[in-house]
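Chemist: Here the sequence shown stands for residues 1249 to 1365, where the numbers follow this note's numbering.
Where is the CB? At the ideal position from N, CA and C, for every residue including glycine.
Have a look at this one before I ask anything.
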Amino acid sequence: MSKSQMLAQQGPCCAPLAAAALPGDLAGDLARMFKALGDPVRLRLLSIVASHDGGEACVCELSPAFDLSQPTISHHLRVLREAGLLQCERRGTWVYYWVVPAALAQLAAVLATPERT
């Protein structure tokens, strides 16, 4: 028996990402989120906000973590907001950011490996 025949008998090597195909609109929303997270600065920004005490972080606390200009940090935060991963609120002269739990749940659900039976 050839190697390809043996692999075909064993079935797929990995469980599918989802039990059913994603609807087009959901796939578009998820793609925007994954695209936003495809940049290391944005992924790091999201992780800093998510792990911050109280679940929110001031932009003044985010900027020092990077060797980037304030306008560049603001750009990355805007991309995360537009993707639906972060929300923000201005308080005086500062802007505070927090993670959108429903967005993270959507990402987690599509990446979760269904249990094998």
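1) Pick out whichever of Gly1332, Arg1339, Cys1336 and Pro1288 has its Cα sitting closest to the Cα of Phe1314.
2) Span of the beta strand (DSSP E) holding Ala1305?
3) Look at the Cβ atom of Leu1333, then the Cβ atom of Ala1305, and state whether they are nearer than 7 Å.
4) Quickly, what does DSSP pair Gln1335 with across the bridge? List them, please.
5) Check Leu1285 in the structure and name its three-state DSSP category.
6) Would DSSP call Leu1310 helix, strand or coil?
7) Compare the C-alpha of Asp1301 against each of Leu1270, Trp1346, Leu1278 and Asp1273 and name the closest.
8) Which residues mark the beginning and the end of the alpha helix (DSSP H) in which Leu1316 is found?
9) What separation, rounded to the nearest whole angstrom, lies between the Cα atoms of Gln1318 and Glu1309?
10) Just confirm the distance between the C-beta atoms of Ala1284 and Arg1292, as a whole number of angstroms; I'd bet it's less than 8 Å.
Modeler: Reading off the structure:
1) Pro1288
2) Glu1304 to Cys1306
3) Not in contact: Leu1333 and Ala1305 (Cβ atoms no closer than 7 Å).
4) Trp1346
5) Looking at Leu1285 - three-state DSSP - the assignment turns out to be helix.
6) DSSP places Leu1310 in the helix class (H, G or I) of the three-state scheme.
7) Comparing C-alpha distances from Asp1301 to each of Leu1270, Trp1346, Leu1278 and Asp1273 shows the shortest one belongs to Trp1346.
8) Where Leu1316 is concerned, there is no enclosing alpha helix (DSSP H), given that its DSSP letter is neither H nor E.
9) The alpha-carbon separation between Gln1318 and Glu1309 amounts to approximately 11 Å.
10) At roughly 12 Å, the Cβ-Cβ gap does not stay under 8 Å, so Ala1284 and Arg1292 are not in contact.
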